[in-house]
Amino acid sequence: MLQFFSLLTVGLLVCIDQLIKVIIKLWLEPLQNVPLIPNVLHLIYVENTGAAFGVFKGSAVIMGLLSSIIFIGGIYLIVSKKLDTSFSHNKFDIGLSYTTVILILSGGLGNFIDRIFRHYVIDFIAPVFIHFPVFNFADCLITAGLVLFIIWMIRFWMEGKEQEKKQAELKLQQKQAEKQDD
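Here it is in structure tokens:
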């Protein structure tokens, strides 16, 4: 059931991403600047041939391969239930792992659809209070997923350190018990 809802959520997020991009394309002219919050956040319609935040411009083959790997890997992790057992030990970690994959997969798929059908990705969110590339909703999903992935990995690492500490304490107790028996 979790797999079904995960895939449904991916589909919903991709639809939201594509709907926003269609609205932006219909509403804004290329490079038109519309302040949402003056001097903070603007809408600017940009056709990006690179990856998130404008990196790898003009590398359609690399981006297509990377997107395909992310798509296949994400679907595999959800459908195979690997997220239930391989990386997670409790309900919080299982939820965190699914959310991470859902966000990265949704964002990657949203931008992949743009690359396949438009040969570019529609970017439109422009923070103007700092010098930063224009990005889109799918990029936000990917970034949020990567932040959750880092949190997940830190938890996984800390859990491993805690296990090492418990094992060291157990060995110490066993040695002390052996000395008392002598």
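Take the sequence shown: its position 118, counting from 1, is numbered 117 in numbering that gives the first Met the number 0, and each next residue is one higher.
Ideal Cβ placement from N, Cα and C applies to all residues, glycine included.
Open item on the list: Let me check one thing: in DSSP terms, what residues is residue 130 bridge-paired to?
Closed with: Taking the first residue of the sequence shown as position 1, residue 130 is located at position 131. According to DSSP, residue 130 bridges with nothing at all.
Open item on the list: Within the continuous beta strand (DSSP E) that includes residue 39, where are the two ends?
Closed with: Within the sequence shown, numbered from 1, the residue matching residue 39 stands at position 40. Neither: residue 39 is in no beta strand (DSSP E) and is coded neither H nor E.
TODO: Would you kindly report the start and end of the unbroken alpha helix (DSSP H) that includes residue 110?
DONE: Indexing the sequence shown from 1 puts residue 110 at position 111. Residues 90-117.
- [ ] May I have the straight-line CA-CA distance separating residue 111 from residue 150, to the nearest angstrom?
- [x] Position 112 of the sequence shown, counted from the start, is the residue given in the question as residue 111. Position 151 of the sequence shown, counted from the start, is the residue given in the question as residue 150. Going by the C-alpha atoms only, they are around 26 Å apart.
- [ ] Using alpha carbons as the reference points, say which of 34, 158, 74, 108 lies closest to residue 89.
- [x] If you number the sequence shown from 1, residue 89 lands on position 90. Measuring from the Cα of residue 89, the nearest candidate turns out to be 158.
Open item on the list: My output table needs one value for residue 28: the three-state DSSP class, helix, strand or coil.
Closed with: Numbered from 1 along the sequence shown, position 29 holds the residue referred to as residue 28. Coil.
Task: Nearest candidate by alpha-carbon position, reference residue 118, set 68, 179, 109 - done: As a first step, residue 118 must be located in the sequence shown, where it is residue number 119. Of the listed residues, the one whose Cα sits closest to residue 118 is 109.
Task: Residues bridged to residue 121 [DSSP beta-bridge criterion] - done: Residue numbering aside, residue 121 sits at position 122 when the sequence shown is read from its first letter. Residue 121 pairs with 46.
Task: Residue of 41, 141, 4 minimising C-alpha distance to residue 127 - done: Within the sequence shown, residue 127 is the residue found at index 128, counting from 1. Residue 127 has its Cα closest to that of 41, out of 41, 141, 4.
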